[in-house]
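**Q** In the order they appear, the protein sequences are chains Y and U.
Counting in numbering that gives the first Met the number 0, the first sequence runs from 0 upward without gaps.
Counting in numbering that gives the first Met the number 0, the second sequence runs from 0 upward without gaps.
Below: one structure in structure tokens.
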Amino acid sequence: MSILIIAELVIAELVTEEKSIKAATRSAITAAKAIGAEIDVLVIGEDVNAVAQQATNIQGVTRVLVADNSVYAKPLAENFAPLVHSIAKNYSHIIVAATSFGKNLLPRVAALLDVDMVSEVTRIIDASTYVRPLYAGGLNATVQNNEIIKLLTIRPTAFDATQDANQAAPIATIAAVTDDKHLSRFVSEHIRHNERPQLSTARVVISGGRSLGSAEKFQEVLTPLANKLNAAIGATRAAVDAGFAPNDSQVGQTGTVVAPDIYIAIGVSGAAQHIAGIKDSRMIVAINHDPDAPIFQWADYGLVADLFETTAAITAAL
Amino acid sequence: MKVLVGIKRVVDFNIRVRAKTDGSGADIASVKMSINPFDENAVEEAVRLKEAGVATEIVVVTTGAANAQDVLRHALALGADRAILVDTAEPLNSLATAKVLREIVKREAPQLILMGKQAIDDDAAEIGQMLAAFLNIGQGTFASSLKVNDGKITVVREIDGGQETVELNLPAVVTADLRLNEPRYLKLPNLMMAKKKPLETIALADLDVAATSKVTTINVAEPAARAPGKKLNNVQELIDVLRTHAKVV
Ligand SMILES: Cc1cc2nc3c(=O)[nH]c(=O)nc-3n(C[C@H](O)[C@H](O)[C@H](O)COP(=O)(O)OP(=O)(O)OC[C@H]3O[C@@H](n4cnc5c(N)ncnc54)[C@H](O)[C@@H]3O)c2cc1C
Ligand SMILES: Nc1ncnc2c1ncn2[C@@H]1O[C@H](COP(=O)(O)O)[C@@H](O)[C@H]1O
């Protein structure tokens, strides 16, 4: 038994363009450890030798495989999937975090291998049995995977990130295998690089809903408090659709799933689709002027009050 | 250009689904069913492409039991031209569904295949990517906008931290994010007219697809409830809570 982890790389900063292993990949390694087998990490990209070196230090990694080629400069599934497929038969499991990168890639690999896969795993019971949510987390399914090669995406918030250890796993280079039909071409990307902690990894998240009223108010009310708590800022779908907050700040079933130490929901009704993205937070705090708002069923601490006055008072006091 | 849209009949998003008492699955026997919300965005986009003169024909397809006809009719009422029901007694897993869709693509030869980014029952987000791999064509997943141009399609994708734009050769698979568009309201007269539009039924046995899967569900249960919370009486209490807890953060 041997497990392949597909690493996801992030560009740390616009200026230096320094790449690093995304924290979610470290969560995938933790999931692999729960299965218990040798763990190879596959690093795919262009100019990725330094980042491959980083991966050798992650606790428990047996080997790092590197596919370094200019065709892998951008993570096109049409290029990455044939590469993963080319080495898949050496493995009992292939795991990637259920980020937009992992979700785009792994089903394509599954079809190339002609296997069914299991997405968004939140618990590993044993090598072939896992728990995953259904119906926006309203139910949990325990599934049995009897495919020869087991493909899983794991939900990063459900597994701690494996840290570095005093180790240096060996590196092996593997040959590029790509989409020779040139089915897809990267055109451009628009990534927000901000000073704020990332939504998916922040220890405190403050979210606002439609009730904030405008993009200006959204910023004006939430940012000072977020600064004081070193928090990431999230939003409901209603707030995003109204143009108050950027798309990638949406928290929930169809946005980002978060599990911070403290989640503060401000003027959020608590629709099931929103709860799906927050219910594993350590502590949930809600401010809403409607005592019957569903968010209070999930909040560890709830205050029935006007959000504008309350947020201003908290910000001033902290 | 012919457009094929894959749709699924799912429990309406407003319904809170319970587990069956024996844990064998979700209890959906008598709840309201609807077209998967993302698939409605996919149908809407196809209709807009037709209105813009880009698409010439819209075919919608679903796999399911006879009762799945209602979501096909819904799509026809939104503006699809023709519907196909692949009749299956048991629901299929992702891989088998993608294979069924592959067979339909072989028959229909569409230039564009539109789907939802995920079905809100299993929240898998797998089938579009699998279908694209089976057909060895490009995939534009989680699309918030698209533009067809000269044998190619440009797709803006919603990704973690922002957006990415890719260009794909046609044919291609594109999976819709909710942001792709705002689906139009369904008008009753259109629903009546949709009854006259063609709906073909194909038996699964007539397609070359193995319905079995090596991934099986062994139990479905409701997650443990969160411990009841505390209502605070005033802002000062909330500040105290945050002071205590935010400090340890
Ligand atoms: C397929 C699908 C997927 C979805 N995915 C997501 C998702 O990923 N994430 C998500 O968030 N939603 C999602 N939704 C939408 C979801 O169903 C809700 O519509 C949405 O979460 C509501 O956002 P809201 O709480 O901002 O707005 P509303 O429901 O309008 O609630 C506003 C709240 O603010 C309170 N309020 C108003 N004024 C004040 C004030 N002055 N002080 C205090 N409180 C005030 C009100 O009492 C109310 O509770 C999805 C929906 C569908 C159909
Ligand atoms: N039974 C089905 N028949 C046709 N299309 C489907 C079916 N199930 C899912 N799809 C399509 O595949 C998309 C993704 O579904 P899933 O991978 O299950 O999350 C859906 O949004 C639909 O467009």
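Note that CB positions come from ideal geometry on N, CA and C, so glycine has one too.
Keep in mind the model is a prediction, meaning the values are calculated, not measured.
1. Expressed to the nearest angstrom, what Euclidean distance is found between the alpha-carbon atoms of residue 81(Y) and residue 92(Y)?
2. Would you check if the distance between the CB atom of residue 204(Y) and the CB atom of residue 259(Y) is smaller than 8 Å?
3. Count the C-beta pairs between the segment 163-183 of chain Y and the segment 45-61 of chain U that are closer than 8 Å, then say yes if the count reaches three, no if not.
4. Ordered along the chain, which non-local residues of its own chain (more than five positions away) have a Cβ less than 7 Å from that of residue 143(Y)?
5. Nearest by alpha-carbon distance to residue 103(Y): which of 78(U), 151(U) and 159(U) is it?
6. Which residue comes first and which comes last in the beta strand (DSSP E) that contains residue 163(U)?
7. Between the segment 174-187 of chain U and the segment 35-45 of chain U, do at least 3 Cβ pairs fall closer than 8 Å?
8. Report the option in 298(Y), 21(Y) and 264(Y) whose CA atom is closest to the CA atom of residue 231(Y).
9. Taking contact to mean 3 or more Cβ pairs, one atom from each stretch, closer than 8 Å, check whether the segment 102-122 of chain Y and the segment 212-225 of chain U are in contact.
10. List the endpoints of the continuous beta strand (DSSP E) containing residue 132(Y).
11. Suppose you measure from the CA of residue 80(U) to the CA of residue 244(Y); what does that come to, to the nearest Å?
12. Does the beta carbon of residue 327(U) come closer than 8 Å to any beta carbon on chain Y?
13. Using CA coordinates, which residue listed in 9(Y), 295(Y), 250(Y) and 106(Y) is at the minimum distance from residue 225(U)?
14. Within the 8 Å Cβ cut-off, does residue 62(Y) reach chain U?
15. CB of residue 273(Y) to nearest heavy atom of ligand 1: below 7 Å?
16. To be precise: take each residue of the segment 83-110 of chain U, compare its Cβ to all Cβ atoms of chain Y, and keep it if any distance is under 7 Å. Which residues remain?
17. Can you give me the C-alpha to C-alpha distance between residue 51(Y) and residue 119(U), rounded to a whole angstrom?
18. Is there at least one non-hydrogen atom of ligand 2 closer than 7 Å to the beta-carbon of residue 304(Y)?
19. Mapping the DSSP letters down to three states, classify residue 67(U) as helix, strand or coil.
20. Smallest Cα separation from residue 262(Y): which of 239(Y), 276(Y) and 29(Y)?
21. Could you give the distance in angstroms between the alpha-carbon of residue 297(U) and the alpha-carbon of residue 125(U)?
22. Check the Cβ-Cβ distances between residue 125(Y) and every residue of chain U, and say whether any is below 8 Å.
23. Show which residues of chain U have a CB atom less than 9 Å away from the CB atom of residue 246(Y).
24. Tell me, please, whether the segment 31-42 of chain Y touches the segment 51-70 of chain Y by the rule of three or more beta-carbon pairs shorter than 8 Å.
25. Who are the near neighbours of residue 85(Y) in its chain, counting only those whose CB is closer than 7 Å to its CB and skipping five residues on each side?
26. Give me the Cα-Cα distance between residue 154(U) and residue 240(U), rounded to the nearest whole angstrom.
27. Going by DSSP, what residue range makes up the alpha helix (DSSP H) through residue 199(U)?
28. When DSSP labels each residue in this structure, what does residue 71(Y) get in the three-state scheme?
29. Using the Cβ count rule (16 or more neighbours within 10 Å means buried), how would you classify residue 93(U)?
30. Alpha carbon to alpha carbon, how far is residue 22(Y) from residue 314(Y)? Give it in angstroms, no decimals.
31. Can you tell me whether residue 35(U) sits near ligand 2, meaning its C-beta is under 7 Å from at least one heavy atom of the ligand?
32. Answer with buried or exposed for residue 192(U), where buried requires no fewer than 16 other C-beta atoms within 10 angstroms of its C-beta.
33. The alpha helix (DSSP H) spanning residue 102(U) covers which residue range?
34. Out of 141(Y), 106(Y), 212(Y) and 55(Y), state which residue places its alpha-carbon closest to the alpha-carbon of residue 222(U).
**A** In brief:
1. 17 Å
2. yes
3. no
4. 127 and 128
5. 159(U)
6. 161-168
7. yes
8. 264(Y)
9. yes
10. 128-133
11. 37 Å
12. The question about residue 327(U) has no answer here: the residues shown for chain U are numbered 0 through 248.
13. 295(Y)
14. no
15. yes
16. 92, 93, 94 and 97
17. 37 Å
18. no
19. helix
20. 276(Y)
21. Summary: the structure shown does not reach residue 297(U), with chain U confined to residues 0 through 248, and so no result is reported for it.
22. no
23. 143, 157, 161, 162, 176 and 178
24. yes
25. 176
26. 46 Å
27. From DSSP, residue 199(U) is part of no alpha helix (DSSP H) but of the beta strand (DSSP E) over 198-202.
28. helix
29. buried
30. 30 Å
31. yes
32. exposed
33. 93-107
34. 141(Y)
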